[in-house]
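Chemist: Position 682 of the sequence shown, counting from 1, maps to 801 under our numbering, and the rest follow consecutively.
Ideal placement from N, C-alpha and C gives every residue a C-beta, glycine not left out.
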Amino acid sequence: MTSLFPFAGVWCFSELFFIKEPQDITVTRKDSLLLDCHAHGEVPIKVTWLKNGVKVSENKRIQVLSNGSLYIREAEGRRGESSDEGFYQCLAMNKYGAILSQKAHLALSTISAFELQPVSTEAHEGGVARFACKISSNPPAAITWEFNRTALPAATDRITALPTGVLQIYDVSQMDAGSYRCVAATVAHRRKSMEASLTVVPAKESKSFLTPTIVAGPQNATVALHHTVVLECVATGNPKPIISWSRLDHQSIDVFSTRVLGNGNLMISDVRLHHAGVYICRATTPGTRNFTVAMATLTVLAPPSFVEWPESLTRPRAGTARFVCQAEGIPSPKMSWLKNGRKVHSNGRIKMYNSKLVINQIIPEDDAIYQCMAENSQGSVLSRARLTVVMSEDSPSAPCNVHAETMSSSAILLAWERPLYNSDKVIAYSVHYMKAEGLNNEEYQVVLGNDTTHYIIDDLEPASNYTFYIVAYMPMGASQMSDHVTQNTLEDVPLRPPEISLTSRSPTDILISWLPIPAKYRRGQVVLYRLSFRLSSDSNIQVVELPGTAHEHLLEGLQPDCVYLVRIAAATRVGLGESSVWTSHRTPKATSVQAPRSPELYLDPLNCTTISVRWQLGAQDPAAVRGYKLFYKEEGQQEHGPIFLDTSDLLYTLSGLDPRRKYHVRLLAYNNVEDGYQADQTVSTPGCVSVRDRMVPPPPPPHHLYAKANTSSSIFLHWRRSAFTTAQVINYTVRCNPVGLQNASLVLYLQTSETHMLVQGLEPNTKYEFAVRLHVDQLSSPWSPVVYHSTLPEAPSGPPVGVKVTLIDDDTALVSWKPPDGPETVVTRYTILYASRKAWIAGEWQVLHREGAITMALLENLVAGNVYIVKISASNEVGEGPFSSSVELAVLPKETSESNQRPKRLDSADAKVYSGYYQLDQKSMTGIAIGVGIALTCILICVLILIYRSKARKSSSKTAQNGTQHLSGTSSTFATRNEVGKTLQRSVENEESLMPMILPNSLSDTKGGTDLIINSYGPVIKNNPKKKWLFSQDSKKTKVEQPSRRFPQAACFYKPGTTVLVTAASPSPPAHGPSAPFPPAPDPRDTEHSANSEGSHETGDSGRFSHESNDEIHLSSVTGTTPPAPYSLPAGDPCVEPAARRGAGAPPGET
């Protein structure tokens, strides 16, 4: 019978677990010991032992028994490797994996010298005396006391000996004076302390009142779970104080496991966790409120125990498995994880978070038994769970928790649980069973629907062991075989009686012998035979019962020359089977002195219609033999014979018989005087085998087919030979084809005689399906369940393309790329190498790695002033591809001007690095060329328009000048050229954009495109037929000739390289009127175009001119054709910059 794992639903059935684990043990040197270890699971199970984590080597003294236990003869305790002391664990392993037992500490019995000796003391008569001793030993020593070298009782009314080594004597009297010593004893050792004397001082006649005093209070104690602890409390006082106990947390003291020793000592037996706390001893004077207290803390240590166990999981390849395990104990246990008995270490794929174990990207090698181990100073405990890896998404995991129950002698109930993975996609189950004993047993199969998880097999043979397993099926594939379960049917009564043989040794006896019943008909163990016999002429039947081990019996005291009828029945524990038919036998005549003895007769059915009859005479038979007579008959039919045979004949074949019939054969020897003693025997002919019966069932297919990709074009296959096949010569056929193949002619069939094969010539990164079948004795098995596996991708044949490097900060660059060309290229990792020129010459590269889905990386901590070389390669699990062409990146020094600090990007097509400029591709150049062409066209159109309008202004200015008054004082209104230049230079340094000052009653065209000025009399026409424009960046001054105009008190500050705007004044009002003052110039900060932002400096897109980016127009002398009217400018009015002038509508370059 198989047993179920105690946690139903957590484990699949019959995997592997311990029934017995080793326990801590302490022995004496040279003693023998046994460490138990009994593992249960699917056989075979191999057990090995570890000592302190190292495998134990067997020798004559140390042996691993057949049940897995470790036997050590004559334990050694020497220091070094020869000592047997240490922590032992057993490791059990079967096909599912391995598990490790808890740790068991083997220690040798030791005892130390006394750490505390009794000290001589004196006590007043009627007082309290106390002695103490302390010793360390393993196991703990039992301490007793001697008074004057005579053993003291453990406890009396006045004397209390505590287990901790304390002796307390109350109401001391003179008879207590003497010497005391303690005795510590273990199984192997015994120690005696030094003697200490007790001196008794006579008591005073008058006893004064004394407040209670605790002379020996409780001490802080740390005790292991289920041990015993004693808290001492001894107090003195007059009158004698009363001692009571309480807890500081006001909880009640457990009265079921505590009791008081002596006059106030508290002993707690079988300590539990709730006993931990602070205990208070209180000594109180009777009838008063006088008391004193002493306190001690009791700490209880507990071994680890689980509060959450890991559960078995089934996961597909590349999935994620999470095991959770939590334990508690005092002190807090340390958690660790084991895989098949070995410690699990964290890596990139396997992580351990406190009490969790997480396995990412599961691979087939992760299929194992995992254990969670919690350990502290009090011991260790382990819990286990199995991870089953499903190799294909198209197949379920194996059915779980398979178990069998015997129903009768021919029926067994088989039950299972649905697969843990893809259970909702299962469409059918197949139940496989066969006899467990014997060779070449036929395997039977029953197919069931997915709506049931149990089945009764009712065509089994009684008293036989059968092996069962289940397979689950999905539309695209089948699961692996479930755990194998072995179960036996009940016994039944024998189906047939034994075949008996009757011979006589004398005229008054019959020797009855029989052969064992064939196992097919026995149906259990035969425990009894019942013989029945009678005279053929008498109906009185006599019965003899014989044990099941008997195979013959001699009937004596019979009548000579009489026919006796004999029959036999066999019985199992269930009951008696059918009795045989009566077999007749005639005893010899009493006068047959010279008759031949009965021959030894042997009957063997050769086939369903033929019986071979053999015989042999005894060597000591003195009678002469002339021949033999042979008789035979079918049961219930007439006898045939005699058949006369010569003395040389010892073999005869009876043929032409009917199958499945019982025949009675009789043989005797004869001579010239009379017939000899006859021998009778019965035999049954077997049934004939029909053509259908002769069809041999096919052998079972190979199992545990496993595939692993070796390269991009090969996959290694391995499988196990069927356990039910015993033939020596076995050949295998491997079927291989890509998944989804439509053309059956492309399926590949390979032959081998090994249980493994390397399939080559496959396409890279392609999923294939494999199956295998075996051929033995001209028979072929069915195909095994299909296994799916993909070849590895090819290593990248080319480098990453489009490599670009962009400087995004002073010391940081962004490198980006595109995957290598080719749709079938699989990349799992990129390698980025970069180094400065100096490091590159020395061969010192810095390396970065990025996952295959990432196509960019940051290069940090770059050093300014260096040129860096960058190149990238792609790789996968097969190999690494070539590196890309090197890309150079220049990191400029930090002192470089802001205009040159723009991001710089280089790609692999660049041969050089240009500081401060982007590298432009063909599309960018085409766009720029078109833009420049459009801009030049616009400029040309504007020039033509300006020329046309300038002609119109000339004619209008002449008309306006005829009605104006001449301006006077021109020479006095201008400062010298040097003074003007200095003043203008200071103005430019202030970086103030100044607005033009418009005269009263004057209007200016603010829409741009003309410099026409209109006053109250009409437009002012300028006469400038020879205006010159300067577009070059030369610093030479160009004079622009215009009519001279006079401005009253006007001053312009000139600076080379700066355009200066001068506005013309309108005619003055009547002479007697006051001069119209200029309106105040607006604050440059309040105008839209006054502030030149940082963005406009960098991008040049604000529509304004600046002294850094525009052509320079220089000031020249100006002459007027008519005398201008005198106007005075307010002192200190600045000149206007060209930007403001253009904003007012004046064309650039005109002053």
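Going by C-alpha to C-alpha distance, which of 167, 598, 769 and 295 sits closest to residue 547?
Modeler: 598
Chemist: Give the single residue among 371, 251, 593 and 787 whose Cα lies nearest to the Cα of residue 335.
Modeler: 251
Chemist: Consult DSSP for residue 212 and reduce its assignment to one of helix, strand or coil.
Modeler: strand
Chemist: Express the C-alpha separation of residue 709 and residue 681 in angstroms, rounding to a whole number.
Modeler: 10 Å
Chemist: For residue 951, collect the residues of the same chain with a Cβ closer than 6 Å to its Cβ; drop the 5 residues on either side in sequence, then sort them by chain order.
Modeler: 967, 976 and 991
Chemist: To the nearest angstrom, how far is the alpha carbon of residue 246 from that of residue 270?
Modeler: About 22 Å.
Chemist: May I have the straight-line CA-CA distance separating residue 266 from residue 297, to the nearest angstrom?
Modeler: 7 Å
Chemist: Could you tell me the alpha carbon to alpha carbon distance between residue 179 and residue 172, rounded to whole angstroms?
Modeler: 22 Å
Chemist: Is the beta carbon of residue 796 closer than 9 Å to that of residue 622?
Modeler: Yes, Cβ-Cβ distance for residue 622 and residue 796 is below 9 Å.
Chemist: Between residue 434 and residue 509, is the Cβ-Cβ spacing less than 9 Å?
Modeler: yes
Chemist: Look at the Cβ atom of residue 734, then the Cβ atom of residue 719, and state whether they are nearer than 9 Å.
Modeler: A contact, by the Cβ cut-off of 9 Å.
Chemist: Kindly indicate which three-state DSSP category residue 677 falls into: helix, strand or coil?
Modeler: coil
Chemist: Taking the alpha carbon of residue 209 as the reference point, which residue from 615, 154, 889 and 464 has its own alpha carbon closest?
Modeler: 154
Chemist: Measure the alpha-carbon distance for residue 522 versus residue 616 and round it to whole angstroms.
Modeler: 35 Å
Chemist: Please report how far the alpha carbon of residue 1313 lies from the alpha carbon of residue 187, in whole angstroms.
Modeler: Outside the modelled stretch of the chain, which goes from 120 to 1270, sits residue 1313, for which no answer is possible.
Chemist: With a cut-off of 8 Å on the beta carbons, I'd call residue 789 and residue 715 a contact; round off their distance for me.
Modeler: 7 Å
Chemist: What first and last residue would you give for the beta strand (DSSP E) that runs through residue 988?
Modeler: 986–994
Chemist: Thinking residue 352 and residue 383 are a contact (beta carbons under 8 Å), I'd like their distance in whole angstroms, please.
Modeler: 5 Å
Chemist: What residue range is occupied by the uninterrupted alpha helix (DSSP H) comprising residue 960?
Modeler: According to the DSSP assignment, residue 960 belongs to the alpha helix (DSSP H) that extends over 956–960.
Chemist: Does the separation of the CB atoms of residue 856 and residue 867 fall below 9 Å?
Modeler: yes
Chemist: What ranges does the beta strand (DSSP E) occupy inside the stretch 232–298, keeping only unbroken runs of at least 3 residues that lie completely in it?
Modeler: 240–243, 248–251, 253–257, 261–266, 278–280 and 285–288
Chemist: Helix, strand or coil for residue 1262? Go by DSSP, reduced to three states.
Modeler: Unreliable positioning characterises residue 1262 in this predicted model, as indicated by a pLDDT of 40, which lies under 50. A coordinate reading is not provided.
Chemist: How is residue 1349 classed by DSSP in three states: helix, strand or coil?
Modeler: An answer regarding residue 1349 cannot be provided, because it is not within the stretch 120 to 1270 covered by the chain.
Chemist: I need the straight-line Cα distance from residue 832 to residue 222, nearest angstrom please.
Modeler: 48 Å
Chemist: Leaving out the 5 sequence neighbours to the left and right, which residues in its chain are closer than 8 Å to residue 644 when beta-carbon positions are compared?
Modeler: 582, 610, 667, 691 and 692
Chemist: Count the other C-beta atoms from every protein chain shown that fall within 10 angstroms of the C-beta of residue 888, then say buried if there are 16 or more, exposed otherwise.
Modeler: Note on residue 888: 16 or more other CB atoms within 10 angstroms of its CB, so buried under the neighbour-count rule.
Chemist: Take every Cβ of the stretch 899–908, pair it with every Cβ of the stretch 815–830, and state whether three or more of those distances are shorter than 8 Å.
Modeler: yes
Chemist: Since residue 782 is in the beta strand (DSSP E), which residue starts that stretch and which ends it?
Modeler: 781–789
Chemist: Which class does residue 1050 belong to by DSSP, given the choice of helix, strand or coil?
Modeler: helix
Chemist: If you follow the alpha helix (DSSP H) that residue 441 is in, where does it begin and where does it stop?
Modeler: Counting along the chain, residue 441 falls outside any alpha helix (DSSP H), though it belongs to the beta strand (DSSP E) covering 440–443.
Chemist: Just to confirm before moving on: does the CB-CB distance between residue 589 and residue 532 stay below 9 Å?
Modeler: no
Chemist: For the stretch 668–730, list the beta strand (DSSP E) runs that are entirely contained and at least 3 residues long, ordered along the chain.
Modeler: 671–674, 682–690, 702–705 and 719–726
Chemist: Looking at C-beta atoms only, is the number of pairs between the stretch 475–494 and the stretch 435–447 that lie closer than 8 Å three or more?
Modeler: yes
Chemist: Could you tell me if residue 346 is buried or exposed, where buried requires 16 or more neighbouring beta carbons within 10 angstroms of its beta carbon?
Modeler: Residue 346 sits exposed, since fewer than 16 C-beta atoms from the chains shown fall within 10 Å of its C-beta.
Chemist: Once DSSP output is grouped into helix, strand and coil, what is the label at residue 849?
Modeler: coil
Chemist: Taking the C-alpha atoms as reference points, what is the distance between residue 743 and residue 799?
Modeler: If I take the Cα positions, the gap works out to 21 Å.
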